[in-house]
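S.K.: Here the protein sequences come in this chain order: A and B.
Position 259 of the first sequence, counting from 1, maps to 259 under the UniProt record's numbering, and the rest follow consecutively.
Position 37 of the second sequence, counting from 1, maps to 37 under the UniProt record's numbering, and the rest follow consecutively.
My structure is below; once you've seen it, I'll send some questions.
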Amino acid sequence: MILTGVLLAVLGLGLVGWFAARGRARLLHTGRGTMHSMPGYHGWHVALWIVFPALIAWGAWQAVMPGLVDGAVMADPVAAQLPADAMSRAAILAEAKAVADNPDAVAFNPLANTLAGPVRDAHGRFGLIGALLVAVVAVAGGGWAFTRISANYPARTRVERGVLGLLLVASLMAILTTFGIVASLVFEAGMFFKDVSPIDFLFGTHWSPGSARGDNLGESFGAVPLFWGTIYIGAIIAMIVAIPLGLMSAVYLTQYASPTIRKWLKPMLEILAGIPTVVYGYFAALTVAPIFRDFAASLGMSNPSTESALAAGVVMGVMIIPFVSSMADDALAAVPRAMSDGSLALGATKSETIKKVLLPAALPGIVAGVMLAISRAIGETMIVVMAAGAAANLSANPFASMTTVTYQIVQMLTGDQEFNSPKTLSAFALGLVLFIVTLILNIIALRVVKRFREAYE
Amino acid sequence: MSNASLSNARAGHARWQTPEALRRISRRNAAERRFKLIGLGAIVLSLAFLALLLVIMLKNGLSGLDWSFLTGSDSTDPDVAGVWGAAKGSLLTMLVTLLLSFPMGVLAAIYLEEFAPRSRWIEWVEVSINNLAAVPSIIFGLLGLAVFINTLGMPRSSPLVGGLTLALMTMPVIVISGRNAIKAVPPSIRDAALAIGASKMQTVFHHVLPLALPGILTGTIIGMARALGETAPLLMIGMRAFVVTPPGGITDPSSVLPMQIFLWSDEINSGFVQNTSAAIIVLLVFLLAMNGLAIYLRNKFEVRW
Numbered sequence: 001m002i003l004t005g006v007l008l009a010v011l012g013l014g015l016v017g018w019f020a021a022r023g024r025a026r027l028l029h030t031g032r033g034t035m036h037s038m039p040g041y042h043g044w045h046v047a048l049w050i051v052f053p054a055l056i057a058w059g060a061w062q063a064v065m066p067g068l069v070d071g072a073v074m075a076d077p078v079a080a081q082l083p084a085d086a087m088s089r090a091a092i093l094a095e096a097k098a099v100a101d102n103p104d105a106v107a108f109n110p111l112a113n114t115l116a117g118p119v120r121d122a123h124g125r126f127g128l129i130g131a132l133l134v135a136v137v138a139v140a141g142g143g144w145a146f147t148r149i150s151a152n153y154p155a156r157t158r159v160e161r162g163v164l165g166l167l168l169v170a171s172l173m174a175i176l177t178t179f180g181i182v183a184s185l186v187f188e189a190g191m192f193f194k195d196v197s198p199i200d201f202l203f204g205t206h207w208s209p210g211s212a213r214g215d216n217l218g219e220s221f222g223a224v225p226l227f228w229g230t231i232y233i234g235a236i237i238a239m240i241v242a243i244p245l246g247l248m249s250a251v252y253l254t255q256y257a258s259p260t261i262r263k264w265l266k267p268m269l270e271i272l273a274g275i276p277t278v279v280y281g282y283f284a285a286l287t288v289a290p291i292f293r294d295f296a297a298s299l300g301m302s303n304p305s306t307e308s309a310l311a312a313g314v315v316m317g318v319m320i321i322p323f324v325s326s327m328a329d330d331a332l333a334a335v336p337r338a339m340s341d342g343s344l345a346l347g348a349t350k351s352e353t354i355k356k357v358l359l360p361a362a363l364p365g366i367v368a369g370v371m372l373a374i375s376r377a378i379g380e381t382m383i384v385v386m387a388a389g390a391a392a393n394l395s396a397n398p399f400a401s402m403t404t405v406t407y408q409i410v411q412m413l414t415g416d417q418e419f420n421s422p423k424t425l426s427a428f429a430l431g432l433v434l435f436i437v438t439l440i441l442n443i444i445a446l447r448v449v450k451r452f453r454e455a456y457e
Numbered sequence: 001m002s003n004a005s006l007s008n009a010r011a012g013h014a015r016w017q018t019p020e021a022l023r024r025i026s027r028r029n030a031a032e033r034r035f036k037l038i039g040l041g042a043i044v045l046s047l048a049f050l051a052l053l054l055v056i057m058l059k060n061g062l063s064g065l066d067w068s069f070l071t072g073s074d075s076t077d078p079d080v081a082g083v084w085g086a087a088k089g090s091l092l093t094m095l096v097t098l099l100l101s102f103p104m105g106v107l108a109a110i111y112l113e114e115f116a117p118r119s120r121w122i123e124w125v126e127v128s129i130n131n132l133a134a135v136p137s138i139i140f141g142l143l144g145l146a147v148f149i150n151t152l153g154m155p156r157s158s159p160l161v162g163g164l165t166l167a168l169m170t171m172p173v174i175v176i177s178g179r180n181a182i183k184a185v186p187p188s189i190r191d192a193a194l195a196i197g198a199s200k201m202q203t204v205f206h207h208v209l210p211l212a213l214p215g216i217l218t219g220t221i222i223g224m225a226r227a228l229g230e231t232a233p234l235l236m237i238g239m240r241a242f243v244v245t246p247p248g249g250i251t252d253p254s255s256v257l258p259m260q261i262f263l264w265s266d267e268i269n270s271g272f273v274q275n276t277s278a279a280i281i282v283l284l285v286f287l288l289a290m291n292g293l294a295i296y297l298r299n300k301f302e303v304r305w
């Protein structure tokens with residue numbers, strides 16, 4: 001609550017500064033006639049000088065305050081009773097903080113209840129100091145900027161420079177996110193690889209983290225069955241469904257359908273892409289999987305499982321259809337009209353032209369689209385979580401239960417967990433592999449698409 | 001026309017009329033029709049799957065949709081369980097996502113399209129935006145878990161962390177659609193503004209941005225719809241709390257609609273089949289409304305220059 005209060009106060013102060021500065025600049029304006037900047041820009045200049053330094057001060061205070069609070073609590077006489085070992089000390093402190101935040105809560109440890117008072121006091125005291133600090137910074141920044149208001153002061157240029165900086169920071173967020181992903185994955189996966197050698201992980205064929213004990217950890221973390229399950233479901237079964245259907249619907253929509261039909265069918269097809277994956281997962285588990293199970297039973301398989309690679313793969317394929325279709329659509333549209341016209345002029349029928357001229361010419365684009373589709377399918381989570389199963393099987397039987405990389409990530413990180421155990425850390429190693437593979441697929445695909453477009457321009 | 005060429009033409013005509021040639025032509029025409037039918041069949045099959053999915057959800061869930069379901073919260077009893085707690089969690093999460101990703105995305109798009117110098121640095125930004133748009137959503141969940149929860153110590157299962165994670169995921173979508181919308185504004189608009197003495201910044205914020213806004217909004221709504229249906233990253237940051245009372249603020253533990261669907265689908269009690277389908281209907285109605293709004297905006301404000 002302190003957070004929103006201070007933020008609102010800073011923004012309110014900025015608003016006040018804006019009006020005051022604009023008013024003053026207007027007075028100058030009526031007196032002098034010519035000014036470098038419009039009064040509004042003087043307003044913005046002051047407002048920015050109030051808000052930005054204040055926000056920076058606030059952020060800095062947020063960073064140092066927990067340390068100061070801890071220090072103050074430790075100095076309290078009650079804290080002398082705290083146990084010496086750092087771990088239980090931190091646990092009791094955390095409990096005391098929870099009690100301080102929420103007066104209704106009762107801590108498990110009685111010491112935490114008594115410590116809650118000092119914690120609350122320290123919080124209030126340092127919160128007040130922080131609020132004062134922010135106020136001082138805001139007033140100082142605004143005051144300085146306010147004294148700058150004069151006819152010749154280039155407020156507009158200054159404001160625009162500030163805004164440009166803001167734009168730059170916003171665009172750097174993307175790099176920061178990428179960096180954050182890579183850093184967190186590499187860091188956590190590195191901790192995992194301290195216990196389990198990367199060779200065992202990447203090439204081992206036995207996956208049973210539940211039974212991982214002691215020093216033979218490497219034997220329980222062989223991820224090959226997961227890679228196989230992921231490829232089998234996402235890159236084989238799903239693509240067998242998605243490529244023919246997606247490609248043929250793109251051909252029909254671009255080559256045969258009248259504009260009116262296209263206008264109706266294309267958005268309807270896109271609805272398939274807009275349905276949340278959890279809905280597909282539920283549908284796969286509820287409807288599709290039993291059908292395949294009964295089918296497998298009728299083929300004479302003994303007790304087929306409800307969770308099958310086939311059910312997950314087929315539903316995933318259907319989900320990908322609109323994606324493949326729109327990629328193929330783009331690829332077909334990029335082929336120059338003259339090529340198909342030439343073929344038609346020689347007397348080839350439309351379908352012959354499509355099969356012998358258009359599709360071969362669009363092939364690089366289509367292949368790139370399929371690669372993007374695969375990268376999407378192997379990163380898909382909810383469908384496999386709900387329909388594919390947990391057993392790490394290295395099998396080519398589509399009716400068998402199979403597990404994937406994404407399924408295991410979810411499995412390792414939900415439920416009872418202690419962070420930093422090899423089991424939870426393995427999720428990050430799997431995530432790293434997934435990230436690298438999808439990254440490579442995407443980069444290659446985007447490059448192919450780019451080159452393909454250039455070739456026909 | 002001379003006699004010779006006439007007879008040639010007759011002979012040619014006659015050559016096309018031989019039974020063998022006619023057979024070949026009809027075979028080719030049949031192949032043509034077949035191909036067209038296969039194409040139509042592919043679309044019909046895909047749409048039939050969609051129809052089947054919707055029909056089954058409606059059949060299972062429609063009877064469960066009543067006022068108490070829409071206003072209730074999660075419960076172990078399927079007859080009492082409702083969807084409002086999760087819906088409110090979704091609402092709060094989306095609010096955080098929108099407040100962060102929309103301004104950030106639009107500002108980044110403006111910078112990259114209008115101000116960025118052609119440098120290596122900017123190329124890196126572009127590459128990472130394009131890649132982020134294609135990174136599996138579960139990876140964003142791992143990022144959220146490692147950074148927001150384990151490093152920064154934000155409250156687990158809260159709409160704040162969920163919204164932050166989804167904002168990182170949605171931002172690239174907004175940047176890409178924003179850039180396309182800004183690119184579509186013709187240069188003559190900028191030239192006209194610059195010619196009468198507007199600064200570059202004034203040109204962009206007074207003229208280019210308002211014209212590009214419908215396109216940016218369309219992209220934002222589509223990105224938000226995707227975020228609303230997302231489950232996997234939220235599973236990573238533990239937004240699967242069993243929430244009996246709707247969350248009061250963005251730091252309270254909460255669940256979201258897709259997560260509620262996932263949790264109910266795991267229940268053994270068969271009463272939850274109806275609840276799951278009913279929650280799916282609620283979610284799909286939301287998504288349909290958002291996508292409909294996006295299409296409406298696109299049709300109403302799209303300008304062909």
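We put the beta carbon where it would ideally sit given N, CA and C, even for glycine.
Would you mind telling me which residues of chain B sit closer than 7 Å to A:Y256, beta carbon to beta carbon, in chain order?
M.R.: K36, G39
S.K.: What did DSSP end up calling A:R293 once you bin it into helix, strand or coil?
M.R.: Note: A:R293 maps to helix in three-state DSSP.
S.K.: What in chain A is Cβ-close to B:R28, meaning under 7 Å?
M.R.: T349
S.K.: Would B:N291 pass as an interface residue toward chain A - the criterion being a Cβ-Cβ separation below 7 Å?
M.R.: yes
S.K.: Where does A:F221 sit, in a helix, a strand or coil, going by DSSP?
M.R.: In this structure, A:F221 counts as strand in the three-state DSSP scheme.
S.K.: Is the region 336-353 of chain A close to the region 238-249 of chain A, with three or more CB pairs under 8 Å?
M.R.: no
S.K.: Would you mind giving the Cβ-Cβ distance between B:S277 and B:G85, rounded to the nearest angstrom? I have them listed as a contact below 8 Å.
M.R.: Actually they are not in contact, since the Cβ atoms of B:S277 and B:G85 sit about 18 Å apart, beyond 8 Å.
S.K.: Measure from the alpha carbon of residue 458 of chain A to the alpha carbon of each residue in A:L226, A:Y280, A:T287, then state which is nearest.
M.R.: Past the boundaries of the shown model lies residue 458 of chain A; chain A is included only from 1 to 457, so the question cannot be answered.
S.K.: Leaving aside the five residues before and after B:P172 along the sequence, list all residues of the same chain whose C-beta is less than 6 Å from its C-beta, in chain order.
M.R.: So the qualifying residues of the chain are I129, L132, A133.
S.K.: Please report whether the beta-carbon of B:E32 lies at a distance below 7 Å from any beta-carbon of chain A.
M.R.: yes
S.K.: What did DSSP end up calling B:S255 once you bin it into helix, strand or coil?
M.R.: strand
S.K.: My output table needs one value for B:M1: the three-state DSSP class, helix, strand or coil.
M.R.: Caution is warranted here: a pLDDT of 45 is assigned to B:M1, below 50, making its placement in the model unreliable, and the coordinate value is therefore given only provisionally. Three-state DSSP puts B:M1 in coil, outside helix and strand.
S.K.: Is the beta carbon of A:A100 closer than 7 Å to that of A:A75?
M.R.: no
S.K.: Taking only beta-carbon positions, decide if A:V335 is within less than 7 Å of chain B.
M.R.: no
S.K.: Return helix, strand or coil for B:R240, following the three-state DSSP convention.
M.R.: Residue state, collapsed to three classes: strand.
S.K.: Within its chain, find whatever has a CB closer than 7 Å to the CB of A:G379; leave out the 5 residues flanking it on each side and keep chain order.
M.R.: T406, L434, T438
S.K.: If I measure Cβ to Cβ from B:M1 and keep anything under 7 Å in the same chain, skipping five residues before and after, which residues do I get?
M.R.: Because the pLDDT of B:M1 is 45, which lies under 50, any placement of that residue in the model is unreliable, and the question is left without a value.
S.K.: To which residues of the same chain is A:Y153 closer than 6 Å at the C-beta, ignoring the five residues directly before and after it?
M.R.: none
S.K.: For residue 393 of chain B, count the other beta carbons within 10 Å of its own beta carbon; 16 or more makes it buried, fewer makes it exposed. Which is it?
M.R.: Given a span of 1 to 305 for chain B in the structure shown, any question on residue 393 of chain B remains unanswerable.
S.K.: How is the alpha helix (DSSP H) around B:K300 delimited, first residue to last?
M.R.: 271-301
S.K.: Under DSSP, the alpha helix (DSSP H) around A:Y41 begins and ends at which residues?
M.R.: Its alpha helix (DSSP H) spans residues 39-75.
S.K.: Determine which residues share a DSSP beta bridge with A:W207 and list them.
M.R.: Residue pairing of A:W207 in beta bridges, as defined by DSSP: A:F221.
S.K.: Could you tell me whether any Cβ in chain A is nearer than 7 Å to the Cβ of B:I110?
M.R.: yes
S.K.: Please list, in chain order, all residues of the same chain as A:A331 whose beta carbon is under 6 Å from its beta carbon, the five residues on each side excluded.
M.R.: A362, G365, I366
S.K.: Alpha carbon to alpha carbon, how far is B:L288 from residue 462 of chain A? Give it in angstroms, no decimals.
M.R.: A query on residue 462 of chain A cannot be resolved here, the shown segment of chain A reaching from 1 to 457 and no further.
S.K.: Are any of the Cβ atoms in chain A nearer than 7 Å to that of B:S157?
M.R.: no
S.K.: Name, please, each residue of chain B whose Cβ falls closer than 8 Å to the Cβ of A:S249.
M.R.: G39, A42, I43, S46
S.K.: For the alpha helix (DSSP H) containing B:P172, list its first residue and its last residue.
M.R.: 159-184
S.K.: Looking only at its chain, what residues have a beta carbon closer than 7 Å to the beta carbon of A:M386, apart from the 5 residues adjacent to it on each side?
M.R.: G281, Y282, A284, A285
S.K.: Just checking: is the beta-carbon of B:T231 within a distance shorter than 7 Å of some beta-carbon in chain A?
M.R.: yes
S.K.: When you compare the CB of B:I138 with every CB in chain A, is at least one pair closer than 7 Å?
M.R.: True, the Cβ-Cβ gap to chain A drops below 7 Å.
S.K.: Specify, as a first and last residue, the run of the alpha helix (DSSP H) that A:P336 falls within.
M.R.: Boundaries cannot be given for A:P336, as no alpha helix (DSSP H) includes it and DSSP labels it neither H nor E.
S.K.: Rounded to whole angstroms, what is the Cα-Cα separation between A:R24 and B:G178?
M.R.: 37 Å
S.K.: Does B:P258 get closer than 7 Å to chain A when you measure Cβ to Cβ?
M.R.: yes
S.K.: What do you get for A:I233, buried or exposed, if any count of 16 or more other CB atoms within 10 angstroms of its CB means buried?
M.R.: By the 10 Å Cβ count, A:I233 comes out buried.
S.K.: Along the region 137-155 of chain A, what residues have a CB closer than 9 Å to any CB found in chain B?
M.R.: none
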